[in-house]
Structure formats: structure tokens, C-alpha cells
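Engineer: Got a structure here, written out as C-alpha cells. Questions coming.
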Amino acid sequence: SGSEGPLGLRSIEPLHPDGVVVIVPVKDTVELGLSAFIKRALRSHPKANAIILEVDTFGGRVDAAVQMRDAILSLEVPTIAYVNPRAISAGALISLAADQLVMARGASIGAATPYTGGGSGTPQVDEKMTSYMRTEMRATAEARSRRGDVAEAMVDADVVIEGITSKGKLLTLDTAQAIEYGIADGRADSQRELLEALGLDRFEIVYEEENWGESVARFLTEPTMSSLLLSLGMLALFMTFYTQNFGVLTLIGMVALALFFGGHAAVELVGFEEVLLLLSGVLLLAIELFIFPGFILPGIVGVLLILAALVMAMLATPISISFSTGLILSAIGRLATSVLLATAMVLIAVRFLPRSRAGMRFVLQADTAKDEGYLSYRPLEESVIGSTAIAITDLRPAGKVKLDGEIRDARSERSLIEAGAKVRILRVESYELIVREIKES
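Structure follows, in C-alpha cells:
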């Protein structure tokens, strides 16, 4: 840093004569997709003369803000947070981490109390989380020689500072107040004015922007989209099991869950543990459906593993770290909401799908007269055990077989059986024949 500038800012001594000034936008909701972009942008310019963070956010996730704060504090390149027009909640923590904090006319900073749902309309977190956030704000402010008590008052309404805030009032400062109370270093009403005051207007300006991958990751991990993908994936899989039709529905479910996990993996929200749990769950479900149909245990364990993978993905916390109860309940709440939404959609689909044009492809439309071999009842006679029948549909694992001229419901004991194959009846369960393919020697 150099001499005092005309707006009370410290002019920056250039580290590299041919260096650039990098401008990085910190805008919209603070979440882990934004954090990944900011960290990449900061790492990409180790020889810049300065990095200016243009802050305009109402806040967002605490963990994302802490990641960005740590990345800013660790930089050797001079950093400037330019608040225009607001740095609320998580945005305040990010701004405090910069070497210099500059605000535009009419800007505001503060109101950093954490909430379980990320907004003032949801319950505040417990005292443990508030204490942590209060310490983060104070430590960050003091690391840049700013007033730690004022930063604390932005988090905790119980913090009282004589002449600034009273008990029960969360602190938010405008530009003049932030400068007066030792939070902001000065005011600049435009980017040009800021660059001139810092002595950086003679250098090349580089504007960092999200690449397409980061934009897609932010879109996929946005809470609403993330929940939609999860609900769609679960709905499609439920309908697959309901119709026993492994086709378009299965593909839709797999794509939705792949987008959910892929987006989370792109911003380092999921790791090896979540992927392993997901793949193990899918494998067990496949075993239940195709190898040991009717054996409930693999299916139950598979569903539990998939649910565990989803909860861990939404927690966005390494498996080795002790989880906060609030975070676990929040993740389980999101998952429960998605499950309930998917269940409601399944019930609606079951009620109306058979009557729709698209649903007719999944529902038997032809008459099933008795003289054509169909029966409305299925006697549980034991005499058919050991008999042979012909599969008239694929058994995946359920389907139809023809036995003594009658068409009966059947289920493969182990593997898939193609239509036309000879099968042997092993037993009768709940009006259904359990069969095994007779391999030609």
C-alpha cells in the first residue's frame, strides 16, 4: 500500500509494471457455486497488481462465505471490496476480508445473523452457530485492522456499542456510518473513481466472468433447482418400479439424479463417499429387481444407501467432520420435502396416467376374455409346481406365461427371461407363479 488517496483510500503500489487489475463480480446469492468461481478467479491472477471484488448481494450460505473469506485473506495480491450497492449477511463477511473496503453512495453493509434457511423469514440458528459467526466476523475485521466489536454487532443483536447500536437491534450501516465507525476505508461512487483513487487507472483492466461450467454448476446447485431435480429423479424411479417398464422413465430418473450429483460434485459438494453410497444403493436395487426378485432386504438397504448419499450431498460437509444438528435437520427436511413431492406426483400419476394417451402405453388396453386364456382369478393349486410353461412376455422380473392354455402372472426367480423361453414353475406365491428358465442343453 502507498500514500493516502483523495477519497481517504490508500493508493496501491504496483507489484508488476505490466500487471493487470482484475475485477471479480460477487453478485446474487452466495452459495457454493459462486464460491468455486471466486476461488478460481483469485487463483488465476497471482501477478495482478490488485483484485477488486464488486459486491452486490443479500447473502446466502455461511460455508460458502467462509470459503471465500479464507481465499481472500490468503492472497498476497492486494484486494479491494467495492460494495455497490449492498453487502448484506454473508456479503459482509466477504467484504471485511479484503485489504480495503470501499462503498458507493447509498450502499449498505451488515445484518449478518445466520438463519437455518438462509433468510430472515426462517428461524435463527442456535447460539453455537451464532457464536461461531460472531467470532468469524470479529476475527476477519481485526485481521484487516477494522473494529471487531462493530463487526460482531452485525451478527448478534445482543451486542451493544455505545452510540452505535442498542440491545435487540441488529447492526446495518450505510456508507457514511461504515466509514465513521471504522468498517469502510472510503467512498467511491463509480468504478472509474475507485481506480483513480487507488492509482490503478493506468493499468489494463481484466473482467473475470463465470465460465459455462461454473454457470451450469451454480444453476444446478441453486436450492430450488436442486430440489426439483431430486424430486423428478425420485418420481421417475418410483414410476419405473410401479410400471415395471425400464425405458424412458428410467432414463429420466437417472439423468435427473446424475445432474443433481454432477452439479454438486462440480462445486465440491460431494466426494468419493457420496458417490460410493449412491452406486452401492443402485447396485442393490438392481440385485433386488433382476437377480433376487421378492427378496426384500437388498431393496431396503439400497434405498437407505441412496437416501444417505442424498442427505450427505445436501449437507455439503466432509464425512470426517462432526455434523451440526441444525445442518442435518435442514438436509433431511429438504430430502423429506422432495420425497413428499415425489410421492404426491406418483399418486397423481397413478390416478390419472392410465386414462391419458401417454399412459395407455403402460396399461393393458385389450380385452382379456376367458376364452382367450385369461383368468380373473388365480387359484393357488400346488399341482402346477414342477410343470413347464412358455413366457409370452419378457419377465423383468414380472411378466406373463402360458400354462396349459391359460395366461398367468409370473415372476422370474433370478435373471431376466425373454419372451418365448421355456420356464419351470418352482412355487406359487400370492397368486403369482415363481419360475426359472429351462436352459437348453
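With positions in the sequence shown counted from 1, the corresponding number in the working numbering is that position plus 2. Quick reminder that beta carbons are idealized off the backbone N, C-alpha and C, glycines included.
1. Which of the three DSSP states is assigned to G165 in this structure?
2. With burial defined as no fewer than 16 other Cβ atoms inside 10 Å of the residue's Cβ, what is the status of Y209: buried or exposed?
3. Could you check where the alpha helix (DSSP H) with E439 kicks off and where it finishes?
4. Judging by CA-CA distance, which residue of G184, E206, A393, I111 is the nearest neighbour of G61?
5. DSSP has Q102 in a bridge; who is on the other side?
6. Is the beta carbon of S229 less than 9 Å from the beta carbon of H266?
7. Which of the three DSSP states is assigned to G7 in this structure?
8. What does L175 pair with, by DSSP beta-bridge criteria?
9. Just to confirm the assignment, what range does the beta strand (DSSP E) spanning S282 have?
10. Using the Cβ count rule (16 or more neighbours within 10 Å means buried), how would you classify L366?
11. Is P16 near N51, with beta carbons less than 9 Å apart?
12. Expressed to the nearest angstrom, what Euclidean distance is found between the alpha-carbon atoms of K29 and S168?
13. When DSSP labels each residue in this structure, what does K49 get in the three-state scheme?
14. Report the three-state DSSP secondary structure of M139 (helix, strand or coil).
15. Starting from D151 and walking both ways along the alpha helix (DSSP H), at which residues does that stretch end?
16. Can you tell me which of the three DSSP states P300 falls into?
17. Out of G407, M135, R42, A412, which has the shortest C-alpha to C-alpha gap to N213?
18. Can you tell which of E442, R398, A393, A421 has its C-alpha closest to the C-alpha of I427?
19. With distance defined between alpha-carbon atoms, name the residue in G170, S217, P399 nearest to T31.
20. Under the rule that 16 or more other beta-carbon atoms within 10 Å means buried, what is K49, buried or exposed?
21. In whole angstroms, what separates the C-alpha of E33 from that of G401?
22. Which of the three DSSP states is assigned to S97 in this structure?
23. Sort R410, L397, E182 by Cα distance to I419 and report the nearest one.
24. Nearest-angstrom Cα distance between I289 and I302?
25. Decide if the stretch 137-146 is in contact with the stretch 61-79; the criterion is three or more beta carbon pairs, one per stretch, under 8 Å apart.
26. The beta strand (DSSP E) spanning G401 covers which residue range?
27. Which one or two residues does DSSP pair with S414 in a beta bridge?
28. Terminal residues of the continuous beta strand (DSSP E) containing R429?
29. Are V68 and F205 close, meaning C-beta to C-beta below 9 Å?
30. Can you tell me whether R194 is helix, strand or coil according to DSSP?
31. My assumption, with CB atoms under 8 Å, is that A268 sits in contact with G215. Please give the rounded CB distance.
32. Taking C-alpha atoms, which residue in G108, K130, R136, R107 lies nearest to L98?
33. Give the straight-line distance between the Cα atoms of R380 and L239, rounded to the nearest whole angstrom.
34. Give me, in chain order, the residues of the same chain whose beta-carbon lies closer than 6 Å to that of L307; leave out the 5 immediate sequence neighbours on both sides.
Structural biologist: Straight from the coordinates:
1. In the sequence shown, counting from the first residue as 1, residue 165 sits at position 163. Coil.
2. By 1-based counting over the sequence shown, the position of residue 209 is 207. The residue in question, Y209, is exposed, as its Cβ has fewer than 16 Cβ neighbours within 10 Å.
3. Sequence index remark: in the sequence shown, residue 439 carries index 437 (1-based). It is not in any alpha helix (DSSP H) - E439 instead sits in the beta strand (DSSP E) that spans 434-439.
4. As a position in the sequence shown, residue 61 is number 59, starting the count at 1. Proximity to G61 across G184, E206, A393, I111 peaks at I111, based on C-alpha coordinates.
5. Position 100 of the sequence shown, counted from the start, is the residue given in the question as residue 102. Looking at the DSSP assignment, Q102 forms a beta bridge with I82.
6. The count along the sequence shown starts at 1 and reaches residue 229 at position 227. The count along the sequence shown starts at 1 and reaches residue 266 at position 264. No, the Cβ-Cβ distance between S229 and H266 is not below 9 Å.
7. For the purposes of this step, residue 7 is identified with residue 5 of the sequence shown, where counting begins at 1. For G7, the pLDDT reaches just 47, beneath the cut-off of 50, and the residue's location in the model is therefore unreliable, although a value from the coordinates is still provided. Collapsing the DSSP output to three states places G7 in coil.
8. The count along the sequence shown starts at 1 and reaches residue 175 at position 173. Note: L175 sits in a beta bridge opposite I111.
9. To locate residue 282, count along the sequence shown from 1; it is residue 280. Under the DSSP assignment, S282 falls outside any beta strand (DSSP E), being part of the alpha helix (DSSP H) whose first and last residues are 274-288.
10. If you number the sequence shown from 1, residue 366 lands on position 364. At L366, the pLDDT of 49 sits below 50, so the modelled position is not reliable; the number obtained from the coordinates is stated separately. Burial call: exposed.
11. Here the question's residue 16 lines up with position 14 in the sequence shown. Here the question's residue 51 lines up with position 49 in the sequence shown. Going by C-beta atoms, P16 is nearer than 9 Å to N51.
12. Looking up residue 29 in the sequence shown gives position 27. Looking up residue 168 in the sequence shown gives position 166. Taking the straight line from one Cα to the other gives about 31 Å.
13. Counted from its first residue, the sequence shown places residue 49 at position 47. Here K49 sits in coil by DSSP.
14. Within the sequence shown, residue 139 is the residue found at index 137, counting from 1. Collapsing the DSSP output to three states places M139 in a helix.
15. For this step, residue 151 is matched to residue 149 along the sequence shown. Residues 150-155.
16. Within the sequence shown, numbered from 1, the residue matching residue 300 stands at position 298. DSSP, read as helix, strand or coil, puts P300 in helix.
17. Your numbering for residue 213 matches position 211 in the sequence shown. If you compare the alpha carbons of G407, M135, R42, A412 with that of N213, the shortest gap goes to R42.
18. Numbered from 1 along the sequence shown, position 425 holds the residue referred to as residue 427. When C-alpha distances from I427 are compared across E442, R398, A393, A421, the shortest belongs to A393.
19. The sequence position of residue 31 within the sequence shown is 29, counting from 1. For the residues G170, S217, P399, the minimum Cα distance to T31 belongs to S217.
20. By 1-based counting over the sequence shown, the position of residue 49 is 47. Classification of K49: exposed, given that the 10 Å Cβ count is below 16.
21. Start at 1 with the first residue of the sequence shown, and residue 33 comes out as number 31. Start at 1 with the first residue of the sequence shown, and residue 401 comes out as number 399. Cα-Cα distance, rounded: 48 Å.
22. Here residue 97 corresponds to residue number 95 of the sequence shown, with the count starting at 1. Helix.
23. Position 417 of the sequence shown, counted from the start, is the residue given in the question as residue 419. Nearest to I419 by alpha-carbon distance, out of R410, L397, E182, is L397.
24. As a first step, residue 289 is located in the sequence shown; it is residue number 287 there, counting from the start. As a first step, residue 302 is located in the sequence shown; it is residue number 300 there, counting from the start. Put simply, the backbone Cα of I289 is about 11 Å away from that of I302.
25. These segments touch.
26. In the sequence shown, residue 401 corresponds to position 399, counting from 1. That run of the beta strand (DSSP E) goes 400-405.
27. Mapped onto the sequence shown, residue 414 falls at position 412. V437, per the DSSP bridge assignment.
28. For this step, residue 429 is matched to residue 427 along the sequence shown. Bounds of the beta strand (DSSP E) holding R429 are 424-431.
29. Translated into the one-based positions of the sequence shown, residue 68 becomes position 66. Translated into the one-based positions of the sequence shown, residue 205 becomes position 203. No; because the gap between Cβ atoms is not below 9 Å, this pair is not in contact.
30. For this step, residue 194 is matched to residue 192 along the sequence shown. Judged by DSSP in its simplified three-state form, R194 adopts helix.
31. Stepping through the sequence shown from its first residue, residue 268 is reached at position 266. Stepping through the sequence shown from its first residue, residue 215 is reached at position 213. Rounded, the Cβ-Cβ distance is 7 Å, consistent with contact.
32. Here residue 98 is taken as the residue at index 96 of the sequence shown, counted from 1. L98 has its Cα closest to that of R136, out of G108, K130, R136, R107.
33. Counted from its first residue, the sequence shown places residue 380 at position 378. Counted from its first residue, the sequence shown places residue 239 at position 237. Residue confidence is low: R380 scores 49 on pLDDT, short of 50, so the model does not pin down where it sits. Its coordinate-derived value is still stated next. For R380 and L239, the distance between alpha carbons rounds to 29 Å.
34. On the sequence shown, residue 307 is found 305 positions in, with the first residue counted as 1. Result list for L307: L279, S282, G283, in chain order.
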